[in-house]
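Remarks on the structure that follows.
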Amino acid sequence: MRDLVVTENITLDGVIDAAEGWFAPGGDGEDDQSDVLDALREQREAADALLLGRVTFEQMRGYWPLQENDTTGITDYLNMVAKYVVSSTMDDPAWEHTTVLRGALIEEIRELKSHQGADIVTTGSMTLVSDLVGAGLVDEYRLFVYPVVIGRGQRLFTDQTEVPKLRLEATRRFRSGIVLLRYRSD
Amino acid sequence: MRNLKAWLFVTLDGVMEAPEKWVMFNDEMGASTEADYAASDVLLLGKGTYEVFAASWPERSSDVPNADWMNNTPKLVASTTLKSLDWQNSSLIEGDVAAAVSQLKQEDGKGIIVNGSATLVRSLLRDGLLDELQLFVHPIVLGTGDRLFVEGEDRAALTLADSQAYANGVVSLTYTPAVETE
Numbered sequence: 269m270r271d272l273v274v275t276e277n278i279t280l281d282g283v284i285d286a287a288e289g290w291f292a293p294g295g296d297g298e299d300d301q302s303d304v305l306d307a308l309r310e311q312r313e314a315a316d317a318l319l320l321g322r323v324t325f326e327q328m329r330g331y332w333p334l335q336e337n338d339t340t341g342i343t344d345y346l347n348m349v350a351k352y353v354v355s356s357t358m359d360d361p362a363w364e365h366t367t368v369l370r371g372a373l374i375e376e377i378r379e380l381k382s383h384q385g386a387d388i389v390t391t392g393s394m395t396l397v398s399d400l401v402g403a404g405l406v407d408e409y410r411l412f413v414y415p416v417v418i419g420r421g422q423r424l425f426t427d428q429t430e431v432p433k434l435r436l437e438a439t440r441r442f443r444s445g446i447v448l449l450r451y452r453s454d
Numbered sequence: 002m003r004n005l006k007a008w009l010f011v012t013l014d015g016v017m018e019a020p021e022k023w024v025m026f027n028d029e030m031g032a033s034t035e036a037d038y039a040a041s042d043v044l045l046l047g048k049g050t051y052e053v054f055a056a057s058w059p060e061r062s063s064d065v066p067n068a069d070w071m072n073n074t075p076k077l078v079a080s081t082t083l084k085s086l087d088w089q090n091s092s093l094i095e096g097d098v099a100a101a102v103s104q105l106k107q108e109d110g111k112g113i114i115v116n117g118s119a120t121l122v123r124s125l126l127r128d129g130l131l132d133e134l135q136l137f138v139h140p141i142v143l144g145t146g147d148r149l150f151v152e153g154e155d156r157a158a159l160t161l162a163d164s165q166a167y168a169n170g171v172v173s174l175t176y177t178p179a180v181e182t183e
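As structure tokens, this is what we get:
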């Protein structure tokens with residue numbers, strides 16, 4: 269069974285909403301983020317599917333394919349990887365290698381996991397992730413904890429979320445003070 | 002200048018309320034907290050945490066880790082509503098807390114420790130008085146309970162000073178306020 273991995277940039281107060289402007293796509297211009305980019309590359313290489321909510325999908329579609337001379341490898345990866353967007357309203361995803369998942373979430377995800385393959389990674393996608401967490405479909409959390417408190421914006425774990433106890437798999441510290449925490453659902 | 006350090010037990014979703022119900026405390030965490038207590042001679046608390054501590058620590062005998070330090074060390078309580086201080090060596094902070102803490106830091110002495118006391122910790126961070134903030138992040142998502150950081154909190158940029166993964170799955174993250182750059 270394939271793992272569904274939720275990977276998020278997250279503030280110290282638990283916010284994953286990028287709209288508050290506390291991180292830039294592909295790394296921040298000021299700090300040396302090469303070690304974070306290495307970690308993301310390792311993650312990409314262990315995955316063969318990207319699962320996204322509609323909003324994140326559209327944001328990525330509107331940004332990454334336009335990047336020229338992207339040395340991070342993210343643009344090429346996103347263009348080529350098998351993408352799955354959860355949406356009941358999208359007709360044409362307009363991005364190569366994309367499948368629209370229109371059915372009931374739990375069934376769609378179980379179906380996706382049942383096929384042979386490597387990790388399925390989800391990132392951003394606040395609404396989708398909230399649903400995945402609530403449905404107990406997440407196998408691993410990879411949280412890049414930023415050394416900031418933001419005070420507003422959607423959190424990864426909203427009130428009344430009950431998640432079974434997690435097992436700490438690994439921690440990794442980066443030059444910029446970001447810490448990666450990896451947890452598996454027991 | 003005396004060092005003001007706060008540490009809290011928090012869940013992965015940031016809840017710090019009633020840790021006695023869910024805390025996972027092991028020898029490694031014991032060694033870390035014991036070392037911090039040994040380097041300090043004042044315990045600064047908010048009302049909520051003071052009341053919980055005052056109801057439990059006096060009952061603990063000397064063989065309980067940190068019991069002697071907790072009971073014998075002077076406790077300063079930041080509260081305008083607390084009526085009685087039943088725990089030995091406790092006193093209320095008179096007047097403005099920020100001014101009192103600032104004054105305390107300039108006096109001679111060892112470090113100052115804050116445990117729990119989310120509201121107090123937030124105001125110390127806002128006022129630039131907190132030198133270190135250590136979070137013992139537990140591999141638990143509770144869903145309800147008071148959080149350390151609340152909605153509408155001021156933005157804060159911090160610097161990671163240390164991180165430790167413990168054998169029981171708890172992760173310690175220690176932060177200092179970020180240095181202002183021009």
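As you go down the protein sequences, you meet chains E and S in turn. Under the working numbering, the first residue of the first sequence is numbered 269, with each subsequent residue one higher. Under the working numbering, the first residue of the second sequence is numbered 2, with each subsequent residue one higher. For every residue, glycine included, the Cβ atom is placed at its ideal position computed from N, Cα and C. As the structure is a prediction and not an experimental result, all values here were calculated from the model.
query, result
"Contacts around E:E437, its chain only, beta-carbon distance under 6 angstroms, and the 5 residues preceding and following it disregarded", "R450, R452"
"Three-state secondary structure assigned by DSSP to S:E183", "Note on S:E183: pLDDT 45, under 50, position unreliable in the model; the coordinate value appears next. In the structure shown, S:E183 sits in coil (DSSP, three-state: anything other than H, G, I, E or B)."
"Where E:N347 falls, given that 16 or more other Cβ within 10 Å makes a residue buried", "exposed"
"Minimum C-alpha distance to S:L130 - residue among S:A179, S:L93, S:S92, S:N90", "S:A179"
"C-alpha gap between S:D37 and S:I114, whole angstroms", "8 angstroms"
"Alpha carbon of E:S398 to alpha carbon of E:L424, nearest angstrom", "7 angstroms"
"Among E:E288, E:F291, E:D300, nearest to E:F442 - alpha-carbon criterion", "E:D300"
"Through-space distance from E:D338 to E:A307, alpha-carbon basis", "17 angstroms"
"Coarse secondary structure for E:A286, derived from DSSP in three states", "helix"
"Same chain, Cβ closer than 8 angstroms to E:H365, neighbours up to 5 away in sequence not counted", "N347, M348, V349, A350, K351"
"Contacts around E:E379, its chain only, beta-carbon distance under 6 angstroms, and the 5 residues preceding and following it disregarded", "none"
"Coil, strand or helix - S:K48 by DSSP", "helix"
"6 angstroms Cβ shell around E:G421 - same chain, five flanking residues per side excluded", "V283, D285, E288"
"Contacting positions in the segment 421–434 of chain E - beta carbon closer than 9 angstroms to chain S", "R423, L424, F425, T426, D427, Q428, T429, E430, V431, P432, K433, L434"
"Span separating the alpha-carbon of S:E183 from that of S:L161", "Any reading at S:E183 must be qualified, since the residue scores a pLDDT of 45, below 50, and its modelled position is unreliable; the value itself is stated next. If you take the alpha carbons of S:E183 and S:L161, they lie about 20 angstroms apart."
"Touch test, the segment 19–29 of chain S against the segment 164–175 of chain S, Cβ-Cβ under 8 angstroms, three pairs minimum", "yes"
"Buried or exposed (CB count within 10 angstroms, at least 16 for buried), E:R410", "buried"
"Cβ of S:D155 within 9 angstroms of any chain E Cβ", "yes"
"DSSP state of S:V171 mapped onto helix, strand, coil", "coil"
"Where the alpha helix (DSSP H) through S:A119 begins and ends", "119–127"
"Sub-9 angstroms separation of S:K106 and S:M2 beta-carbons", "yes"
"Proximity of E:L483 and E:V323 at Cβ, strictly below 9 angstroms", "No answer is possible for residue 483 of chain E: it lies beyond the span of chain E, which begins at 269 and ends at 454."
"Beta-carbon proximity list for E:I374, same chain, < 6 angstroms, skipping 5 on both sides", "A403"
"Inter-residue spacing [alpha-carbon to alpha-carbon] between E:F291 and S:V43", "38 angstroms"
"Beta-ladder partner(s) of E:Y352, from DSSP", "E:L319, E:T367"
"Boundaries (first-last residue) of the beta strand (DSSP E) holding E:L373", "From DSSP, E:L373 is part of no beta strand (DSSP E) but of the alpha helix (DSSP H) over 373–382."
"Endpoints, the alpha helix (DSSP H) within which E:G402 is located", "394–402"
"Burial state of S:S118, where buried means 16 or more other Cβ atoms lie within 10 Å", "buried"
"CA nearest to the CA of S:R148, picked from E:D271, E:G392, E:E276, E:L280", "E:L280"
"Those residues which DSSP pairs with E:N277 across a bridge", "E:F412"
"Given E:A362 as reference, the closest of E:G385, E:E326, E:G321, E:D271 once Cα atoms are compared", "E:E326"
"Reduced DSSP category for E:E313 - H, G, I as helix; E, B as strand; rest coil", "helix"
"Partners in chain S for E:D281, counting only beta-carbon separations shorter than 7 angstroms", "G15, F150, E154"
"Three-state class that DSSP yields for S:A157 in the structure shown", "strand"
"S:S164 in three-state terms, based on DSSP", "strand"
"Interface flag, E:I284 vs chain S, CB-CB below 9 angstroms", "no"
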